[in-house]
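A short worksheet on the structure shown next.
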Amino acid sequence: MKYNLAVFFSLIFLLLSCKDDNQKRIAENEKEIQRREIIFTNVQKGWVFYDTPVTEASENSVATWSEWRIFLAELAQKPKKTIGAFQQKSKSLTKKAMALNDNIPFEFSKPQIKSRISTLITKVQMLDLFLNLDNIPYKKVTQLVAEINLELVSLQRQMDKIVDKSNIPVEEGESDLLKMMDTSRSIPNTPIIDPNIPRVE
Numbered sequence: 132m133k134y135n136l137a138v139f140f141s142l143i144f145l146l147l148s149c150k151d152d153n154q155k156r157i158a159e160n161e162k163e164i165q166r167r168e169i170i171f172t173n174v175q176k177g178w179v180f181y182d183t184p185v186t187e188a189s190e191n192s193v194a195t196w197s198e199w200r201i202f203l204a205e206l207a208q209k210p211k212k213t214i215g216a217f218q219q220k221s222k223s224l225t226k227k228a229m230a231l232n233d234n235i236p237f238e239f240s241k242p243q244i245k246s247r248i249s250t251l252i253t254k255v256q257m258l259d260l261f262l263n264l265d266n267i268p269y270k271k272v273t274q275l276v277a278e279i280n281l282e283l284v285s286l287q288r289q290m291d292k293i294v295d296k297s298n299i300p301v302e303e304g305e306s307d308l309l310k311m312m313d314t315s316r317s318i319p320n321t322p323i324i325d326p327n328i329p330r331v332e
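Just so you know, we're using our numbering here: the sequence shown kicks off at 132 and counts up by one.
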């Protein structure tokens, strides 16, 4: 009889403790859902990219440089539903940013442009990294979006500078001066040996 009573009370205790665990789990799940909603709304507010060309040079390059056009089109599409959509978008942005390095037009294939593209790729990869963490730091994500916008403006202004420099006409005699300044055409440092001077062998 005592044994049955002990088993009965232990079963009741076990059932009550399971209900408490379920209530705790439900409360934790609700907190997690609220935290994810806060993160989602903050990331959605901060997800504003400069997806249109700022300068005339970048506007003209959109027509000829397909990777640049695809990257700007990808920036223009904003995810809407979940954090997962933002994570997929960041992966897609990373792939499109990496493609910028592959086929740079000849006029923009300069170290200034390549370094800005590399910086842009790094920032986009950091954005992808932060969005794929378990605990998403939404303040850093919005800060990175602002930094990516600054890099986009910097890249487009550099494109504009290169186009402006290429439009400056060459003055008379400037091409000859540049040829003379070319170190590959300079006089060699080895002394010229006169074939008429006798040599001792």
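Built from N, CA and C at the ideal position, the CB exists for glycine as well.
Supposed close pair Thr-250, Asn-173 - CB separation, criterion 8 angstroms: With 8 angstroms as the limit, Thr-250 and Asn-173 do not qualify as a contact, their Cβ atoms being about 25 angstroms apart.
Nearest-angstrom Cα separation, counted from Arg-167 out to Gln-243: 40 angstroms
Distance, Phe-217 Cα to Leu-206 Cα: 12 angstroms
Helix, strand or coil at Phe-180 according to DSSP, with G and I counted as helix: coil
Endpoints, the alpha helix (DSSP H) within which Trp-199 is located: Where Trp-199 is concerned, the enclosing alpha helix (DSSP H) stretches over 197–207.
Interface flag, Val-294 vs chain C, CB-CB below 8 angstroms: Any reference to chain C falls outside this structure, which holds one protein chain only.
First through last residue of the alpha helix (DSSP H) which encompasses Ile-267: No residue range can be given for Ile-267, since it is assigned to no alpha helix (DSSP H) and is classified by DSSP as neither H nor E.
Integer-rounded CB distance, given that Ile-279 should sit under 8 angstroms from Leu-258: With a Cβ gap of about 7 angstroms, Leu-258 and Ile-279 count as contacting.
Gly-215 - DSSP class collapsed to helix/strand/coil: helix
C-beta contact flag for Trp-178 and Lys-226 at 8 angstroms: Between Trp-178 and Lys-226, the C-beta spacing is not below 8 angstroms.
With 16 other Cβ atoms within 10 Å as the buried cut-off, status of Pro-236: Classification for Pro-236: exposed.
Met-311 burial status per 10 Å Cβ neighbour count (16 or more: buried): exposed
Whole-number beta carbon distance between Ile-252 and Leu-286, since they are thought to touch under 8 angstroms: Contact doesn't hold; Cβ gap of about 11 angstroms is too wide.
Val-331 (DSSP reduced to helix, strand or coil): coil
Contact set for Val-276: own chain, Cβ-Cβ below 8 angstroms, skip 5 residues either direction: Gly-177, Trp-178, Val-179, Phe-180, Leu-258
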